[in-house]
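Okay, so the sequence shown: first residue is -13 according to my numbering, each after it adds one. Note that beta-carbon positions come from the ideal geometry of N, C-alpha and C, so glycine has one too. So the structure is just underneath, and the comments pick up after that.
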Amino acid sequence: MRQQNTSLEAHGFESPTTESSFSSSISSSSSATDRRLKALARHLVDSSPVMDSHSQNPNDTVSPSPTSSAFHADSVFAHLVRAPEDPILGVTVAYNKDPSPIKLNLGVGAYRTEEGKPLVLNVVRQAEQQLVNDRSRVKEYLPIVGLAEYNKLSAKLILGADSPAIQENRVTTVQCLSGTGSLRVGGEFLARHYHQLTIYIPLPTWGNHPKVFTLAGLSVKTYRYYDPATRGLDFQGLLEDLGSAPSGAIVLLHACAHNPTGVDPTIQQWEQIRQLMRSKALLPFFDSAYQGFASGSLDADAQPVRMFVADGGECLVAQSYAKNMGLYGERVGALSIVCKSADVASRVESQLKLVIRPMYSSPPIHGASIVATILKDRNLYTEWTIELKAMADRIISMRQQLFDALRARGTPGDWSHIIKQIGMFTFTGLNSEQVAFMTREYHIYMTSDGRISMAGLSSRTVPHLADAIHAAVTSFA
Ligand code: KET
C-alpha cells in the first residue's frame, strides 16, 4: 500500500486525501497536541490507499497485470551467482548463526570488555550528552569536506599539535567515512590526479586494501613484509621490493599495529624506509587505523607518520576513529594530504571535493561532532587517553595470559610472537585447516589466515582458546 504513494510524493505532491479536513477539526487544540495529531494524520494519510487513474475504488490494489509477460519472466537478476561473504565481516555472520553458548568471536577487530561486551567509552557518552544538551545544534548538511573544526583537530592528532606542515597550511584534511572511506577517497583522488597509478601494499595486509584501491582505479602490487619463518618483519625483502618499485609509485604503509601481522618496523627501520622512499620519490600513503592501540600512546604511535612529514615531503594519511574512540558504527575518519605548499594544498582540496560530491555528497555530522568535542576539551581529551591506554593494556594482558596458558599446556611450538606482536591482532601461524577445526570443534571464530583479535578475548575465555589451539596444533601438525 505504502508504495502506491511514493511516485506522487517523490514528485513533491501532497497525497489527495482528507488531511486538510482532519487537521481543521483539531485546529483549536494546544500546539503540542496539535503537532502530534497532525503527525498522526500524516501517518494515517500515508498508509491509506490512493485512487489511481485506472481505478475508482479505493479498495482496489494496484498490482502488475498477471497476463503481462514481464510478470512470468525470470528476474532480471536471475543470472547472479551468490557472492561469498567478506573474509573478515563474514566471520561475524557465521558466529551469529552459531547457537553454541561457548562460541567466541575473535574475527573482526572490535574491542570487547572483560565481560565480552562492546564498549562505549565514557568520554564518548559525555560528549554525546553535551551535544544533546546543546539546543543550538542543528542537523544541516555539513560542507562536502565535513566539519572544519574536526578536520583541523584530526590533522593535529596525527601530525602533532606543533607540526610545521599544519602551521604553514600545507595540509588539507577532509572528513571521510571512517578509515575505509578515507582510503577510498585518497585512492580515487590519486587515480585521477597522480602520474603513477601503481600502489604497493604489504604482503600480507588488511584484506580490504586491494579491493579498495583496485576499485579506485589503481593497479595494486605487493611488497614483502612478513617472514613466516621468523614471524617477524622481512626487512630485507621490504627494502628490496621498494628499491625495485618504479620511481613515483605509491606505497601503502600501516602507520602502526600492522594488520594482520602485529609486526611493525622499529623506528630505525622506519628511518631507513623513509630514506629509501624519498630517494626514489615513492609516495607514502599511511593507513592509520590504530593510533594509540599499539603502544597505548597516541604520540608514539604517530611517530612513523611524523617522520615522513618532518622531512618536508608529501604524503597521504587515512585516519579512523573506529578503534581508538570505539566509534565503529559512526563511520568517522579523515584523509589528510600533506603538500609542499599552501597553494597546492588548497587546489588539492578543491579537487577532493569533486571526488566526494558524486560519491556521497557530504559526510555525516554526529560522529565527527563527538570527536571534535573530545579533542578540543582538555579534560575530555585527557580522559580519552586514559581510556585508550586501558584498552591497549587489556589487550597486552590478554597476550601474556594466552602465552602463559599455552606454555602451561606444553603446546608444541614457540609462541613468543604472541607477546612480541602489537596492536589488536595476533597472527598465530595457525593454518586454515587448524582454524576450521577450532571453529568446528570449539566454536571459536577467526579469519582463515590464523589472525585472532586479542581485543575479543578475556580472562574467562583464554583457557578455552588455549585448549582449542593446543588441540589444533597437536591434531594437525
Ligand atoms: N585499515 C586497517 C588496517 C584496518 O584494519 C581497518 C579495519 C580499516 C582500515 C577500516 O576501518 P574503518 O572501520 O573503516 O575505520 N579493520 C577491521 C574491521 C574491518 O575489516 O572492517 C578488521 O580488520 O577486523
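Assignment of Y307 by DSSP, reduced to helix, strand and coil, places it in the coil class.
S61 is classed as exposed because its beta carbon has fewer than 16 other beta carbons within 10 Å across all chains shown. Apart from sequence neighbours up to five positions away, the residues of its chain that approach V131 with a beta-carbon distance below 6 angstroms are V160, ordered along the chain.
Within the chosen limit of 7 angstroms, the ligand KET reaches the beta carbon of D273 through at least one heavy atom. For A113, same chain residues with a beta-carbon under 6 angstroms away, outside a window of 5 residues either side, are I356, T359 and I360 in chain order. With a cutoff of 7 angstroms, T159 does not count as near the ligand KET, since its C-beta is closer than that to no heavy atom of the ligand. Taken from the Cβ of Y81, every heavy atom of the ligand KET lies 7 angstroms or farther away. As summarised for the region 344 to 414, the continuous alpha helix (DSSP H) elements at least 4 residues long and confined to that stretch are 352 to 362, 364 to 395 and 403 to 406, given in chain order. With a cut-off of 8 angstroms on Cβ pairs, the region 328 to 342 is not in contact with the region 370 to 388, counting fewer than three such pairs.
Nearest to G76 by alpha-carbon distance, out of K103, Y431, P270 and T447, is Y431.
Assignment of beta-bridge partners to L163 by DSSP yields V318.
The C-beta separation of V303 from V291 comes to about 6 angstroms, placing the pair in contact by the 8 angstroms criterion.
Note that the C-beta distance between L269 and E300 is below 8 angstroms.
When distances are taken from the beta-carbon of I74 to the heavy atoms of the ligand KET, the shortest one is below 7 angstroms. When C-beta atoms of the region 232 to 241 are compared with those of the region 267 to 287, three or more pairs fall below 8 angstroms, so the two segments count as touching.
Distances between the C-beta of N417 and the heavy atoms of the ligand KET are all 7 angstroms or more. Residue nearest to A235 within the set L262, L374 and L284 is L262 (criterion: CA-CA distance).
Counting C-beta pairs with one atom in each stretch, the region 204 to 219 and the region 404 to 415 have three or more that are closer than 8 angstroms, which means they touch.
Assigned with DSSP and collapsed to three states, G172 falls in helix. Annotation for C162: S168, V171, G319, A320, L321 and P349 place their beta carbon closer than 7 angstroms to its own, counting only its chain and skipping 5 residues before and after.
With a cut-off of 7 angstroms, the C-beta of Y127 is classified as distant from the ligand KET, since no heavy atom of the ligand falls inside that distance. The alpha-carbon separation between I405 and A151 amounts to approximately 36 angstroms. The region 441 to 452 makes contact with the region 96 to 104, as at least three CB pairs between them are under 8 angstroms. Shown here, K142 sits in a helix according to DSSP, grouped into three states. Under the DSSP definition of a beta bridge, I185 partners with V206 and I236. Taken through DSSP and simplified to helix, strand or coil, G278 comes out as coil. For I88, there is no enclosing beta strand (DSSP E), as DSSP gives it neither H nor E. Per DSSP, I438 is one residue of the beta strand (DSSP E) stretching across R437 to S439. In this structure, the ligand KET has no non-hydrogen atom nearer than 7 angstroms to the beta-carbon of T412. Looking at the backbone, the Cα of R156 and that of C325 are separated by about 5 angstroms. Remark: the shortest separation between the CB of V94 and any heavy atom of the ligand KET falls under 7 angstroms.
For D287, the enclosing alpha helix (DSSP H) stretches over residues L284 to A296. A straight line joining the alpha-carbon of G436 with that of A458 spans about 12 angstroms.
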